[in-house]
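Taking it in order: structure first as structure tokens, then the write-up.
Number of protein chains: 2
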Amino acid sequence: MAKSPKISASHEPGGLIVHISGLLPSLSPAEQRVARLVVSDPAAAARRTITDLATAAETSEATVIRFCRSVGMDGYPQLRIRLAAEAARRIEPPDARVVGGDIPPGADLAQIIATIAFNDARAVEETAEQLDPAVCEQVVEAISGAARIDIYGAGASGFVASDFQQKLHRIGRIAFYFPDVHTALTSAALLGRGDVAIGISHTGTTSDVIEVLEQARTRGAATVALTNFPRSPITDVADFVLTTAARETTYRSGATASRLAQLTVVDCLFVGVAARNRARARKALEATAEAVQSHRVGANRRRA
Amino acid sequence: MAKSPKISASHEPGGLIVHISGLLPSLSPAEQRVARLVVSDPAAAARRTITDLATAAETSEATVIRFCRSVGMDGYPQLRIRLAAEAARRIEPPDARVVGGDIPPGADLAQIIATIAFNDARAVEETAEQLDPAVCEQVVEAISGAARIDIYGAGASGFVASDFQQKLHRIGRIAFYFPDVHTALTSAALLGRGDVAIGISHTGTTSDVIEVLEQARTRGAATVALTNFPRSPITDVADFVLTTAARETTYRSGATASRLAQLTVVDCLFVGVAARNRARARKALEATAEAVQSHRVGANRRRA
DNA sequence: GCCACGGATGAAACTTACTTTCAGCAGGCG
DNA sequence: CGCCTGCTGAAAGTAAGTTTCATCCGTGGC
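Structure below.
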């Protein structure tokens, strides 16, 4: 036994494949044939049955088992699983999707999907990373204690504002959203100390939203700005500034990345508020879910 | 695909786990127990023998096999290998953020943010992975050639529907969204061959949306469903099925993950449509951007 | 309320895959 | 030349995976 009673650790930490390659010369001829097959295409080997692999290596099943033991595995099934895992790991990481990049003219849909998803996911992750928990905490506290919450947003950001309003409403907070500037201004004029006003604007330059937020601030409400640009005008009228981290999206992406980033922030605030009073929030959510139940039809189909 | 000449394809190239999550509600109770075990710890499942897994799921081996078939595998060994590969691919996120998991009661805001962002980003990525480009392509083609596009969605999905409508409108496509069922039904009744109707429902069980989509189909329009559950009722009335891959979100997350996933799909379709006629789309977008310019105030501040 | 039906389920029979045993055989050495 | 040693595959044995089938349970029709 040239190979074994040694305490050289059947460790093989990094790569099983590498480990096998290293052991190759110390294996018997028949086992080497098996090893070569395995090393050259681990994924394919993982798919084969032991008989299959034995045949391919022009040897018997017994030899394959011996090979498994030689490389430190308990048996063939274990080897198979390890191989599958190895093979999966060494799959090329996503190709050259330029972050924040444009979509090349010749791109097919699969590429488009990959690029968009990559950028969208990145926007969400990066937004979360740069969010200041301390500021969030303060905003959550303000919202939790507010008598009333006004949320402003125009265009695309209006969707997010509306979403936020709905969320807060569902857990029993008094929140409003106004699709119309004039109504919003009127409402802002009625805010006072103890109320909260939230303005959402990706660019931070939407005059309508800024104006309304400013009005709210004058009246003594705590103002919150949600924007992608920490130095944009909207931040001048905000007590608390929360920023998203969507890279400047090209016109083609439809600005969805910024939308997703905003929604993520909104979700964080929402969950933060809900967490402050679990019992009440849970109850409210269950009640609202119950309410739409009659508008749902039977369950999913079984089988194919 | 035993069910209809549907174009939705048992695709699942990206994530097997995700695929299983989506199918979960369409599985029988015993199979669901198996599925939950598998989803919650794929790596562990891969290590188990079929008998072992069956015991853990408090069921018989036969059910495990049935489960394998239900999710599109040939048998248990194949599932095992795929599972091992999947598990290896997803480099375990360092800390204990349970995917799709609940937020622990004691969590501070920083944890909440991290958890939410992680789940949201994952939903976006996984949705993109399992999207079938071929189906997308067909939908894009249908939209591009449509005389008119109706988009339906209720509640949270209504936001997405509305967003989609606005996007298409911005690049000069004739698209409509109806917040009200009656109006929607009326509109659907006026659709015909060459028109496209798109129904959005996370659960796939929203009767209002299904009803309207069915009406549209009867009138000869091409129907598209966007849902998280590939076997849900809405897919019965759809010519094309597009699925999102948001894991079942806990009540606390406010279902934002599913929203983001839907938006991502919508964005892909939008970009796909826009890419079909770059010049025209670009021009339209520039014109619309121009239009809101007067509602923007001066640039961002420099310095601190 | 009863019955027929269909789907879900696990026990058991069955098949296939994996593992062990063992005898043959090739090469090396006295 | 004969014996030993270690490699090897055939075949036996065991465990894992798969199929079949009887039972059970809920549903809807009469």
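As you go down the protein sequences, you meet chains A and B in turn.
Residue numbering for the first sequence follows our numbering, beginning at 1 and increasing consecutively.
Residue numbering for the second sequence follows our numbering, beginning at 1001 and increasing consecutively.
A virtual CB, placed ideally from N, CA and C, is assigned to each residue, including glycine.
Chain-order list of residues whose beta-carbon lies under 8 Å from that of residue i (same chain, five-residue window excluded)
i, result
"Ala56(A)", "Leu37, Arg48"
"Leu23(A)", "Lys3, Ala35, Ser70, Val71"
"Phe1270(B)", "Phe1164, Lys1167, Leu1168, Ile1171"
"Val140(A)", "Leu269, Gly272, Val273, Arg276"
"Met1073(B)", "Leu1079, Arg1082"
"Ala245(A)", "Ala123, Glu126, Thr127, Glu129, Gln130, Asn228, Ala261"
"Ala1142(B)", "Val1196, Ala1222, Val1224, Phe1240"
For residue i, the nearest candidate out of the options (CA to CA)
i, options, result
"Arg1173(B)", "Ala1054(B), Ala1184(B), His1182(B), Val1196(B)", "Val1196(B)"
"Val1064(B)", "Gln1032(B), Ile1116(B), Phe1178(B), Thr1227(B)", "Gln1032(B)"
"Gly1158(B)", "Ala1084(B), Ile1210(B), Phe1178(B), Ala1044(B)", "Phe1178(B)"
"Ile318(A)", "Cys68(A), Ser60(A), Ala275(A), Asp180(A)", "The structure shown does not extend to residue 318(A), since chain A is modelled only from 1 through 304, so no value can be given for it."
"Val241(A)", "Ser26(A), Ala222(A), Ala255(A)", "Ala222(A)"
"Ser1144(B)", "Ala1175(B), Gln1215(B), Asn1119(B)", "Ala1175(B)"
"Asp236(A)", "Arg193(A), Arg217(A), Ala30(A)", "Arg217(A)"
"Asp1041(B)", "Glu1086(B), Arg1278(B), Glu1058(B)", "Glu1086(B)"
"Ala137(A)", "Gly1192(B), Gly1075(B), Asp1239(B), Asp1108(B)", "In the sequence as presented, Ala is not what sits at residue 137(A); that position holds Glu. Ranking Gly1192(B), Gly1075(B), Asp1239(B), Asp1108(B) by Cα distance to Glu137(A) puts Asp1108(B) first."
"Ile113(A)", "Ile1081(B), Ala1156(B), Val1135(B), Arg1193(B)", "Val1135(B)"
"Ala184(A)", "Gly192(A), Val212(A), Arg80(A)", "Val212(A)"
"Ala1117(B)", "Glu58(A), Arg122(A), Arg193(A)", "Arg122(A)"
"Ile1234(B)", "Arg1089(B), Glu1214(B), Ala1246(B), Gly1015(B)", "Glu1214(B)"
"Pro29(A)", "Ala43(A), Thr59(A), Leu16(A)", "Thr59(A)"
"Asp1132(B)", "Ala189(A), Ala110(A), Leu27(A), Ala255(A)", "Ala110(A)"
Test: residue i CB closer than 7 Å to a CB of chain B
i, result
"Glu31(A)", "no"
"Asp163(A)", "yes"
"Phe178(A)", "no"
"Cys268(A)", "yes"
"Ala121(A)", "yes"
"Ala42(A)", "Going by the sequence as given, residue 42(A) is Pro instead of Ala. So, not an interface residue."
"Thr264(A)", "yes"
"Leu185(A)", "no"
"Arg89(A)", "yes"
"Val99(A)", "Since pLDDT at Val99(A) reaches only 43, below the 50 mark, its modelled position is unreliable, and the value read off the structure follows with that caveat. So, not an interface residue."
"Thr256(A)", "yes"
"Leu131(A)", "yes"
Cβ neighbours of residue i in the same chain (closer than 6 Å, five flanking residues each side left out)
i, result
"Ile198(A)", "Ile151, Val224"
"Arg1148(B)", "Ile1174, Asp1195"
"Asn1119(B)", "Ala1257"
"Gly1220(B)", "Gly1192, Arg1193"
Span of the beta strand (DSSP E), counted from its first residue to its last, around residue i
i, result
"Leu131(A)", "Careful: Leu131(A) lies outside any beta strand (DSSP E) and carries neither H nor E."
"Gly172(A)", "Note, Gly172(A): premise wrong, no beta strand (DSSP E); not H, not E."
"Asp52(A)", "That residue, Asp52(A), is in no beta strand (DSSP E); its alpha helix (DSSP H) goes 50–56."
"Asp1150(B)", "1149–1153"
Endpoints, alpha helix (DSSP H) assigned at residue i
i, result
"Ala1188(B)", "1181–1189"
"Gly947(B)", "Residue 947(B) falls outside the range modelled here, since chain B spans only 1001 to 1304, and no answer is possible."
"Leu1037(B)", "1029–1040"
"Ala1087(B)", "1076–1089"
"Ala62(A)", "61–70"
Chain A contact for residue i (CB, 7 Å cutoff)
i, result
"Leu1109(B)", "yes"
"Ile1020(B)", "no"
"Glu1125(B)", "yes"
"Cys1136(B)", "yes"
"Pro1093(B)", "Only weak support exists for where Pro1093(B) lies, its pLDDT of 44 falling under 50; the coordinates are left without a value."
"Val1237(B)", "no"
"Phe1159(B)", "yes"
"Val1071(B)", "no"
"Ala1096(B)", "Unreliable placement is indicated for Ala1096(B), whose pLDDT of 39 sits below 50; the coordinate value is still reported in the next sentence. No, because no Cβ of chain A sits closer than 7 Å to the Cβ of Ala1096(B)."
"Gly1075(B)", "no"
"Leu1016(B)", "no"
"Ala1046(B)", "yes"
"Ala1054(B)", "no"
"Ala1305(B)", "In the structure as shown, chain B begins at 1001 and stops at 1304. Residue 1305(B) is therefore absent and cannot be evaluated."
Contact set for residue i: own chain, Cβ-Cβ below 7 Å, skip 5 residues either direction
i, result
"Thr1264(B)", "Val1124, Thr1127, Ala1128"
"Val160(A)", "Gly153, Ile200, Arg259, Gln262, Leu263, Val266"
"Ser1232(B)", "Thr1203, Gly1204, Thr1205"
"Thr1243(B)", "Gly1022, Gln1130, Thr1227, Asn1228, Pro1230"
"Asp1208(B)", "Ala1154, Val1181"
"Ala1045(B)", "Leu1037, Val1038, Leu1053, Leu1083"
"Tyr76(A)", "Ile50, Val64, Ile65, Cys68"
> Which runs of the alpha helix (DSSP H) fall wholly inside the stretch 189–272 of chain A and span at least 4 residues, in chain order?
Replying inline: 207–218
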